[in-house]
Amino acid sequence: MDNRKDILAALPRELSLKVLSYLRGPKTLCRCTAASRTWNSLANDEILWKNLCFLRWGRQKHISLQLHPRVDYTSLKSQLTVKEIKGILTIRKVDFAGLFDKSELITKLLTSIPKHSPNQEGIQWRSKWKASFIVGELDSKRIILTKDELCGINWSFRMKHWTEDIENMSSKFNHDYTYESDVFSGEHTMKWRFYANDVQVESYPELKISRNKDWSFTMQNQHAIFFSQ
């Protein structure tokens, strides 16, 4: 006779979730979903994945502690509250003025997935926070900036030939394609543009985009380097 007993299944759900909350690794939590139906349900619980998101994202840049805006919420639409939908649309900078019915907001949500989001075709998400965690990790490798991102970020800048005693200068990419920097003063205005997936200021060499461990962006060419703040 097999006397083994599933301890988590015997506990109240709240206590089972408390036990699993000590698993700080998302990969370990994902493995738990294969143990049994009970473990699958517990390991996909929103509370656990929301906590993981907050622990992970609290140390990263350019991400807010809300449901991730680049998730395809098609399979999760029934789980979302109106407040959550509006929060996602706000981060996406989508105008939803005049929309009061939840079905209208959902339509706006499902048709406004940002460009360059991770491919989620065929994925049936079960947890909105688990989806947010996974999409966040995938998106942290993206090296393409949208116009809103480029213009919404505060940048510091330095020439590569500057000595270490020279501090970085602040710079700004504006929505009207003008570029501002502390290096330049007066009425001198520079222009920027996207060059394929890179960024170019005037006719200077294109700035190649890369990502850092803290999810910040770096843009650089052979002469200058920009750091997102």
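Take the sequence shown: its position 70, counting from 1, is numbered 204 in this note's numbering, and each next residue is one higher.
Glycine included, C-beta positions come from ideal geometry on N, C-alpha and C.
As the structure is a computational prediction, the values presented were derived from the model and not from experiment.
Under 8 Å, do Val269 and His196 count as touching if we go by C-beta distance? Counting from 1 along the sequence shown, the entry for residue 269 is found at position 135. Counting from 1 along the sequence shown, the entry for residue 196 is found at position 62. Contact flag unset, no.
**Prompt:** Where do the ends of the alpha helix (DSSP H) carrying Asp273 lie?
**Reply:** Within the sequence shown, the letter at position 139 stands for residue 273. It spans Lys262 to Asp273 - the alpha helix (DSSP H) in which Asp273 sits, taken as one unbroken run.
### Task
Starting from the C-beta of Thr352, find all residues in its chain whose C-beta is less than 8 Å away, skip the five residues before and the five after it, and write them out in chain order.
In the sequence shown, residue 352 corresponds to position 218, counting from 1. Excluding sequence neighbours, Thr352 sits near Ile343, Ser344, Arg345, Asn346, Ile359, Phe360, Phe361 and Ser362.
Straight-line CA distance for His309 to Met324?
By one-based count along the sequence shown, residue 309 stands at place 175. By one-based count along the sequence shown, residue 324 stands at place 190. The straight-line gap from Cα to Cα measures roughly 13 Å.
> Out of Thr280, Gly232, Trp183 and His357, which has the shortest C-alpha to C-alpha gap to Ala330?
Replying inline: On the sequence shown, residue 330 is found 196 positions in, with the first residue counted as 1. Cα-wise, what sits closest to Ala330 is Thr280.
Between His357 and Tyr338, how many whole angstroms is the CB-CB distance? I'm expecting something under 8 Å.
Counted from its first residue, the sequence shown places residue 357 at position 223. Counted from its first residue, the sequence shown places residue 338 at position 204. Right, the Cβ-Cβ distance comes to about 7 Å (below 8 Å), so this counts as a contact.
Are the C-beta of Ser362 and some C-beta of chain B separated by less than 8 Å? No chain B is part of this structure, which consists of one protein chain only.
Nearest by alpha-carbon distance to Ile222: which of Ser212, Gln194, Ile181 and Leu244 is it? The residue you call residue 222 lines up with position 88 of the sequence shown. If we check each option's Cα against that of Ile222, Leu244 comes out closest.
Along the chain, where does the alpha helix (DSSP H) containing Asp282 start, and where does it finish? The residue labelled residue 282 in the question sits at position 148 within the sequence shown. Asp282 -> alpha helix (DSSP H) spans Lys281 to Gly286.
### Message
Tell me which residues share the same chain as Arg193 and place their Cβ nearer than 6 Å to its Cβ, disregarding the 5 neighbours each side in the sequence.
### Response
Taking the sequence shown and counting its residues from 1, one reaches residue 193 at position 59. Closer than 6 Å at Cβ, skipping near neighbours: no residue.
C-beta contact flag for Ile240 and Ile225 at 8 Å: Indexing the sequence shown from 1 puts residue 240 at position 106. Indexing the sequence shown from 1 puts residue 225 at position 91. Contact flag unset, no.
* Asked: Between the Cα of Ile181 and the Cα atoms of Trp349, Glu314, Lys264 and Met293, which residue gives the shortest distance?
  -> The count along the sequence shown starts at 1 and reaches residue 181 at position 47. Comparing Cα positions, the closest option is Lys264.
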